[in-house]
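All residue numbers for the sequence shown refer to my numbering, where the first residue is 782 and numbers rise by one. Cβ coordinates follow ideal geometry from the N, Cα and C atoms, glycine included.
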Amino acid sequence: MASDPSVTFTNLSSPAVCNWNPEDASFPEEFAWGAATAAYQIEGGWDADGKGPSIWDTFTHQGGDRVFKNQTGDVACGSYTLWEEDLKCIKQLGLTHYRFSLSWSRLLPDGTTGFINQKGVDYYNKVIDSLLANGVTPMVTLHHFDLPQNLEDQGGWRSETIVKAFDSYAQFCFRTFGSKVKLWITINEPYVAAELGYEKGLMAPGVTEPGTGAYLAAHNMIKAHAAAWHSYDKIFRKTQGGLVSIALNSDWAEPFNPNSLADQEAAKRHMAFCLDWFATPIFLDGDYPAIMKSKISAVSKRQGCPSSRLPEFTEKEKMMIKGTADFFSLNYYTTRKIRHQEHMHNQPSVSADKEAEQVTDPSWPVATGSSWLAVVPWGLRLLLKYIKDTYNHPIIYITENGFSQSDPAPLDDTQRWEYFRLTLQEILKAIYIDRVMLKGYFIWSLLDNFEWTCGYSSRFGLFHVDFESSALPRIPYKSAIEYARVISNNGLMKSCG
Ligand code: GAL
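In structure tokens form, the structure reads like this:
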């Protein structure tokens, strides 16, 4: 793991815990204050200037009520043509960092380097150059769910050929933008892309392959990530000096009954089948968590499968995967209570293999725009500590965290800002009490945008977007104004009310 020389966590002074109030604390110097977006969710211009189709273009165009009101990202926030408007929002917030993703099929319309779409290159150069000109550091995600359709037609993430294709694409991006971009994320949330895209079929490409599709897709995502990291390390790191990671999403898992050994073990399995599935091979030893391997193997056997449904890495692959992240990129939204549950469903699946059932505590508030998003700020602190203890005290960026409102969303989102404020307090505790090396925080999202299967009904933005108006105006929510204040103070300080 490469170290980041700019991190000076040793000079943080420990607070006197008994009378310490996070409201009065400052964040570390050079803390990265960010917001995040993804290409398909904001850009629009789905076929503009030679862009090729992605699996999300296909998925949404097929209709079938898989997306709220059959909405699409064809126009979304129009960021492909309205980038200057996004930049105004970024400046208004005073962000130090902005995380966005490249649309693979805007740059390489068929997913291969056989044809490069110069207009796509120009667009991202414009975005990166104007961020830098305004003192904002770009964090660039290479792949955020929108695989080029042509590659899906060749098997997508279930085919091993994707590993080479992704590596070529990554190398192209490093070569093209790497003199200016120093923070890279290879793949966003492989867990979500694999489980919802290739097992449950709820997200693009809509494949339902219970019990095998997600494991196979994830297997190739891990190898593709590792290949890209090695390419960066060998070819580009010396001259470009950047850092490369993969964005992993995770819930925090609490045992449903804290006194039940079975529930405690189930909570551990929930972590193993979510975060550790990817983090153990990449940050520790090149292989899947032992509990995941043994559970899937046992359940597969019970189901009469000739071998475990979880693919195996060869020894050579394990060596290649181990240690391929320069920092820990965490997307956190919620916490679950976990109850032991055997033989959950007849059909094989990731959740059935896990033999654990997730429950939401009814006392936790839920974000109005997402029924799954129970608001549990303290879960983030525990998760950060878990990452510190399990993954050798890495440098961590929270690359996504947010709370949605349902449409119509009030501009005065006082309640939502309260969720952010409580979350920032937990982050301060993680930094100063638990000594987690947290280097930055990115709110999901800069703008209200196309929230996958929820379409435009679920609003995560710091800025409201009026999707009914062709100008797609951006207006700050109260949370944007509060966030700008926190950024300029580098601390929570007292609320302006
Ligand atoms: C993440 C995803 C984002 C965004 C967010 C809110 O899983 O990376 O694209 O949609 O969830 O649901």
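For residue i, the three-state DSSP class (helix, strand or coil)
| i | result |
| --- | --- |
| residue 1073 | helix |
| residue 1259 | helix |
| residue 1082 | helix |
| residue 816 | strand |
| residue 1029 | strand |
| residue 851 | helix |
| residue 1118 | strand |
| residue 789 | Residue placement at residue 789 is flagged as unreliable, the pLDDT there being 44, under the threshold of 50; a coordinate-derived value is accordingly withheld. |
| residue 755 | As shown, the chain starts at 782 and ends at 1278. That puts residue 755 outside it, with no answer to give. |
| residue 1162 | helix |
| residue 1132 | helix |
| residue 1012 | helix |
| residue 809 | coil |
| residue 1040 | coil |
| residue 1137 | strand |
| residue 1296 | The chain is shown from 782 up to 1278; residue 1296 falls before or after that span and cannot be answered. |
| residue 1046 | helix |
| residue 829 | helix |
| residue 901 | helix |
| residue 1265 | helix |
| residue 913 | helix |
| residue 1065 | helix |
| residue 1249 | coil |
| residue 1155 | strand |
| residue 866 | helix |
| residue 804 | helix |
| residue 1278 | Low per-residue confidence applies at residue 1278: pLDDT is 42, beneath 50, and the placement is therefore not dependable, though the value from the model is reported in the following sentence. Of the three classes helix, strand and coil, the one that applies to residue 1278 here is coil, per DSSP. |
| residue 1024 | strand |
| residue 1106 | coil |
Member of the options whose CA lies at the smallest distance from the CA of residue i
| i | options | result |
| --- | --- | --- |
| residue 1054 | 1038, 1033, 1043 | 1033 |
| residue 1239 | 1252, 1251, 1038, 1225 | 1225 |
| residue 1133 | 1229, 1220, 1121 | 1121 |
| residue 1047 | 1040, 1057, 1056, 1036 | 1036 |
| residue 878 | 979, 1244, 812 | 812 |
| residue 829 | 852, 845, 861 | 861 |
| residue 988 | 895, 936, 1078 | 936 |
| residue 768 | 1138, 986, 1242 | Look at the range of the chain in this structure, 782 to 1278, and you will see that residue 768 is not part of it. |
| residue 1271 | 819, 1113, 1149, 874 | 874 |
| residue 844 | 1269, 1234, 1081 | 1234 |
| residue 1024 | 1080, 959, 986, 1187 | 959 |
| residue 1130 | 1081, 1096, 1152 | 1081 |
| residue 1151 | 907, 1178, 1190 | 1190 |
| residue 1237 | 817, 858, 808 | 858 |
| residue 964 | 1217, 1251, 1178 | 1178 |
| residue 1266 | 1145, 802, 807 | 807 |
| residue 1216 | 1187, 1188, 1169, 1059 | 1169 |
Residue range of the unbroken alpha helix (DSSP H) whose run includes residue i
| i | result |
| --- | --- |
| residue 1145 | Note, residue 1145: premise wrong, no alpha helix (DSSP H); not H, not E. |
| residue 1018 | 1018-1021 |
| residue 886 | 885-888 |
| residue 880 | No alpha helix (DSSP H) holds residue 880; the beta strand (DSSP E) holding it covers 878-882. |
| residue 840 | 836-842 |
| residue 1096 | 1096-1102 |
Endpoints, the beta strand (DSSP E) within which residue i is located
| i | result |
| --- | --- |
| residue 1246 | 1244-1246 |
| residue 1111 | 1109-1112 |
Residue i CB to nearest heavy atom of the ligand NAD below 7 Å
| i | result |
| --- | --- |
| residue 1157 | Ligands present in the displayed structure are limited to the ligand GAL, and the ligand NAD is not among them. |
Checklist entry - Fully enclosed by the stretch 1177-1229, which beta strand (DSSP E) runs are 3 residues long or longer? => result Listed in chain order, they are 1177-1181, 1219-1225.
Next on the checklist: Any contact between the stretch 1029-1044 and the stretch 1054-1066? By contact I mean 3 or more CB pairs, one from each, below 8 Å.
Outcome noted: These segments touch.
Next on the checklist: With three or more beta-carbon pairs closer than 8 Å as the criterion, would you say the stretch 879-891 touches the stretch 813-830?
Outcome noted: The stretch 879-891 is in contact with the stretch 813-830.
Checklist entry - Should the stretch 1081-1092 be called in touch with the stretch 985-996, which here means at least 3 C-beta pairs below 8 Å? => result Because the criterion of three Cβ pairs below 8 Å is met, the stretch 1081-1092 and the stretch 985-996 touch.
Next on the checklist: With three or more C-beta pairs closer than 8 Å as the rule, is the stretch 1149-1157 touching the stretch 1001-1016?
Outcome noted: Output reads no: the stretch 1149-1157 does not touch the stretch 1001-1016.
Checklist entry - Just checking, does the stretch 887-895 make contact with the stretch 1262-1277 on the three C-beta pairs under 8 Å criterion? => result Counting C-beta pairs closer than 8 Å gives fewer than three between the stretch 887-895 and the stretch 1262-1277, which falls short of the contact rule.
Next on the checklist: Ignoring anything shorter than 3 residues, give me the beta strand (DSSP E) runs that lie fully in the stretch 915-1002, in order along the chain.
Outcome noted: Taking only runs of at least 3 residues, the beta strand (DSSP E) segments lying wholly in the stretch 915-1002 are 918-924, 964-969.
Next on the checklist: Quick check: the stretch 1159-1176 against the stretch 1209-1220, are at least 3 beta-carbon pairs closer than 8 Å?
Outcome noted: Yes, they touch.
Checklist entry - Counting pairs of beta carbons, one from the stretch 1228-1245 and one from the stretch 1169-1178, are three or more of them closer than 8 Å? => result Taking 8 Å as the limit for Cβ pairs, the verdict is that the stretch 1169-1178 does not touch the stretch 1228-1245.
Next on the checklist: Count Cβ pairs between the stretch 960-972 and the stretch 917-932 that sit closer than 8 Å; are there 3 or more?
Outcome noted: Taking a cut-off of 8 Å for Cβ pairs, the stretch 960-972 and the stretch 917-932 touch, as three or more such pairs fall below it.
Checklist entry - Any chance the stretch 1236-1253 sits against the stretch 830-838, with 3 or more Cβ pairs inside 8 Å? => result Output reads no: the stretch 830-838 does not touch the stretch 1236-1253.
Item to check | Cβ contact (3+ pairs, closer than 8 Å) linking the stretch 1184-1201 and the stretch 1260-1268 | outcome: The stretch 1184-1201 is in contact with the stretch 1260-1268.
Next on the checklist: Three or more C-beta pairs under 8 Å: does that hold for the stretch 1015-1027 against the stretch 1105-1118?
Outcome noted: With a cut-off of 8 Å, the stretch 1105-1118 and the stretch 1015-1027 count as touching, because enough Cβ pairs lie within range.
Next on the checklist: Under 8 Å, with one C-beta from each stretch per pair, do the stretch 949-964 and the stretch 901-919 reach the 3-pair mark?
Outcome noted: Judged by Cβ distances under 8 Å, the stretch 949-964 makes contact with the stretch 901-919, as three or more pairs qualify.
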